[in-house]
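Taken in order, the sequence shown gives residues 325 to 440; the numbers are from the working numbering.
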Amino acid sequence: QVRLVESGGGYVQVGGSLRLSCAIDGTIWRIAYMAWFRQPPGRSRDLVARIGSGERTNYADSVKGRFTISLDDAKNTTYLQMNNLKPEDTAVYYCKVGINWLEEYWGQGTQVTVSS
């Protein structure tokens, strides 16, 4: 059984920073990708950042230059460093991973609130 353990959300003022982490707990032998999505109140869940094989990354246009996704293979953990946060970044952030032969899992979500 695999589960994702997310942490790092919270409350921050405009211009502040937060770092989210998502650790894979369970037996895995291959990480195909790890990604972060977010869902503001009353809106859809959208991709924020993704890191795949060869550590190739892609980002939503709205976070380019402010957010950085990284992967620690030894810890089976991905991080999302979020800098220069804006009120529109307020959302529940979800980790999603593709592992082994593309089993996919979602984390439980962590709230990020940016106050002006």
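Positions of the beta carbon are idealized from the N, C-alpha and C atoms, including for glycine.
Reduced DSSP category for residue i - H, G, I as helix; E, B as strand; rest coil
i      : result
Gly378 : helix
Ser386 : helix
Identity of the residues DSSP links to residue i by a beta bridge
i      : result
Gln435 : Val416
Gly397 : In the sequence on display, residue 397 carries Asp and not Gly. Answer by DSSP bridge pairing: none, since Asp397 is not bridged.
Val421 : Met358 and Tyr429
Leu404 : Leu344 and Ile393
Leu371 : Phe361
Residue i - containing beta strand (DSSP E), residue span
i      : result
Val329 : Arg327 to Ser331
Arg343 : Leu342 to Asp349
Gly334 : Gly334 to Gln337
Assumed close pair residue i, residue j - CB separation to whole angstroms, cut-off 8 Å
i      : j      : result
Leu342 : Met406 : 5 Å
Tyr417 : Val326 : Going by Cβ atoms, the distance from Tyr417 to Val326 rounds to 19 Å, so no, they are not a contact pair.
Arg362 : Asp370 : 6 Å
Ala356 : Ser386 : Rounded, the Cβ-Cβ distance is 25 Å, inconsistent with contact.
C-beta contact flag for residue i and residue j at 8 Å
i      : j      : result
Val438 : Val336 : yes
Ile348 : Asn424 : no
Leu404 : Ile393 : yes
Thr434 : Gly332 : yes
Asn382 : Arg390 : no
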